[in-house]
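Counting from 204, one number per residue, gives the positions in the sequence shown under this note's numbering.
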Amino acid sequence: MAAVWSGCSTSFSQELPPHPRGRRGGDGARIHPWSGGAGRDATTRHAEAARTVVVFARGRVRVCRAAAPCVLEPDVAGKEEVGVAVWGMDDEPPVADGHRRHGLRRRPVRPAAVEEGPVAAARSAASASASAAGSKSEVGGSRLHFLEERDEEMLSRRLIKLSQSNKVRSATELFDSMRASGLQPSAHACNSLLACFVRRGSFADAMKVFEFMKGKGMATGHSYTLILKAVATTEGYFAALKMFDEIEESDKKNVDVIVYNTVISVCGRAKDWRQVERLWRRLGDNSLSGTLMTYDLLVSTFVQCGQSELAVDAYQEMFKSGIDPSEDILKAIIASCTKEGKWEFALTTFRRMLSAGMKPSIIVFNSIINSLGKAGEDELAFRMYHLLTSSGLKPDQYTWSALLSALYRSGRCWDVLDLFQGIKTKHSALLNNHLYNIALMSCERLGQWEHGLQLLWMMERGGLQISAVSYNHVIGACEVARMPKVALKVYRQLAYGDLFGMNEDILEEVAPDSSVYNTVIHGLCLRGKIRLARKVYTKMRSIGLKPDGKTRSFMLQNLATDY
204 MAAVWSGCST SFSQELPPHP RGRRGGDGAR IHPWSGGAGR DATTRHAEAA
254 RTVVVFARGR VRVCRAAAPC VLEPDVAGKE EVGVAVWGMD DEPPVADGHR
304 RHGLRRRPVR PAAVEEGPVA AARSAASASA SAAGSKSEVG GSRLHFLEER
354 DEEMLSRRLI KLSQSNKVRS ATELFDSMRA SGLQPSAHAC NSLLACFVRR
404 GSFADAMKVF EFMKGKGMAT GHSYTLILKA VATTEGYFAA LKMFDEIEES
454 DKKNVDVIVY NTVISVCGRA KDWRQVERLW RRLGDNSLSG TLMTYDLLVS
504 TFVQCGQSEL AVDAYQEMFK SGIDPSEDIL KAIIASCTKE GKWEFALTTF
554 RRMLSAGMKP SIIVFNSIIN SLGKAGEDEL AFRMYHLLTS SGLKPDQYTW
604 SALLSALYRS GRCWDVLDLF QGIKTKHSAL LNNHLYNIAL MSCERLGQWE
654 HGLQLLWMME RGGLQISAVS YNHVIGACEV ARMPKVALKV YRQLAYGDLF
704 GMNEDILEEV APDSSVYNTV IHGLCLRGKI RLARKVYTKM RSIGLKPDGK
754 TRSFMLQNLA TDY
């Protein structure tokens, strides 16, 4: 026998004490010693016998004394191994197998099909709601219990506690039993049960509770928030948006900013920024003020959808409302402005972040440095770099790329090569193809084909894949320096992919020149071909050409090396 609801003061936990055989009354009714003895009149004894129900469950005998009949069901529908009986006309108590022993008379269990009145109505309503929802109910048909406790506030508190503990079946039985008994749970209790169903993904049961609240005029903004989340998860954001429109039309007074935030969040996850903008405008039309969460959602959605102007509008409206932005909002505004080239607004937002005591990340620094570089503000870019290092952050590949690009766009190509050499010396592990190509672009603009060739050899030795773009920069440098034969050799190496064979070919194609020999020697040393570098160095000295300081340094470093 299932335990009776904890909200019912009728207790089934009272153990029936051993009783002596009683005597039979004049009208044949069984008189029990605990019912008052012989001193009570026949009417009282009959009433006591009618109210005393003995329950046999798993070999234990329990007694229920109630002021009204209990509606009870066995644990497994359709089975009668667990019996409900009344002490009747015979001497022996009833037994669980239902057979009569020593004159036992067992009351038959009434089938569920004959339920009438509020019990049947409550079950029909629950079944109809589940069918209309189109999904399976988690708890199915719940059992109904007699509730001797009639205090709606106390029962509502119990319903809240059960719902918060995720005891969904017990909470559902209490909810349905209260409805069947003509008792109404509080709005808070209904919201707790609704939240329990939403957490467990039981959409049909959630809709049943919501429709009950809506029909009783108990729905609150929290109710709408919960059911809209459930609808969005189950049926999609468009269905939730349609339900919101209906709710707003029928119960506008209970649609608060939190409900709007819920729908904005749902549409934002779907990247439907037009619906988000529409909801934002409607929020103002209904004289509702946005919260920090509202503007977080607006700015985030607009930035992700590439609507920087709308993001800035929402950001500025937030300031007019006297709301201090969060760090996420400031980061999103900076990212959006730097992407659109609005470096002044990005810099202003960055200063506001610093004044608020926030610590910008390396991503924020890099985005501002890159934006300043694109705008030709190389001095501001390097100020940001120094601020980055002073704040304890370490520059990464994106930082160096932004700084090199800033120098290149400002026409400071020699400074690009100097900075690249510094990166190579102190941060060689950060060198990649993009950084090499910026240096090669500077070589091309300056006509420094020798330096360009050295960079190609350095890339090869570093294990980087040399692309056609890199070769083209060196060829362009040869054209600027009016070295067509060298350019042709570089082009052939691009076609055949043999950078090593290009060294001696260049020496044969061009007139003897110190810069050419120095470049070839540098390239050979960088690629580890020390013996060949010595050979070229010896030839260079024999024809009277003067090596530069870098060439001498390479030769001294590899003096004892023999390949």
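All residues carry an ideal CB built from backbone N, CA and C; glycine is no exception. These numbers come from a predicted model, not from an experiment.
- Residue environment analysis places residue 737 among the buried positions, since at least 16 neighbouring C-beta atoms fall within 10 angstroms of its C-beta.
- About 6 angstroms separates the beta carbon of residue 362 from that of residue 396, a gap short enough to meet the 8 angstroms contact definition.
- For residue 617, the closest of 646, 434 and 687 by C-alpha to C-alpha distance is 646.
- Contact check for residue 722 and residue 656: beta-carbon distance about 6 angstroms, within the 8 angstroms limit, so the pair qualifies.
- Between residue 450 and residue 458, the beta carbon gap of about 6 angstroms places them in contact (Cβ cut-off 8 angstroms).
- Look at residue 581 here: in three-state DSSP terms it is helix.
- Residue 690 sits close to residue 681, with the two beta carbons spaced by under 8 angstroms.
- Taking C-beta atoms under 8 angstroms as the contact rule, residue 676 and residue 640 qualify, at a distance of about 7 angstroms.
- Pairing residue 356 with residue 388, the inter-Cα distance amounts to about 8 angstroms.
- Spatial neighbours of residue 536 in its own chain (CB-CB distance under 6 angstroms, excluding positions within 5 residues in sequence) are listed in chain order as 518 and 552.
- Annotated three-state conformation of residue 541 is helix, per DSSP.
- DSSP places residue 722 within a helical segment (H, G or I) once states are collapsed to three.
- When only Cα atoms are considered, residue 467 and residue 546 end up about 29 angstroms apart.
- Residue environment for residue 576: buried (at least 16 other C-beta atoms within 10 angstroms of its C-beta).
- With contacts defined by Cβ atoms closer than 8 angstroms, residue 440 and residue 409 do not form a contacting pair.
- The DSSP-derived three-state label of residue 425 is helix.
- Rounded to the nearest angstrom, the Cβ distance from residue 426 to residue 413 is 6 angstroms, consistent with a contact under 8 angstroms.
- The Cβ atoms of residue 623 and residue 642 lie closer than 8 angstroms to each other.
- In this chain, residue 494 is not harboured by any alpha helix (DSSP H), its DSSP state being neither H nor E.
- Under the three-state reduction of DSSP, residue 521 is assigned to helix.
- In this structure, 541 is the residue among 487, 602, 541 and 560 with its C-alpha nearest to the C-alpha of residue 578.
- Around the C-beta of residue 637, fewer than 16 other C-beta atoms lie within 10 Å, and the residue is accordingly described as exposed.
- A direct Cα-Cα distance of roughly 35 angstroms separates residue 626 from residue 511.
- Residue environment analysis places residue 444 among the buried positions, since at least 16 neighbouring C-beta atoms fall within 10 angstroms of its C-beta.
- Pairing residue 376 with residue 406, the inter-Cα distance amounts to about 17 angstroms.
- Distance check between residue 719 and each of 654, 374 and 661 places 654 closest, using alpha-carbon atoms only.
- Non-local C-beta neighbours of residue 386 in its own chain, meaning closer than 6 angstroms and more than five positions away in sequence, comprise 355, ordered along the chain.
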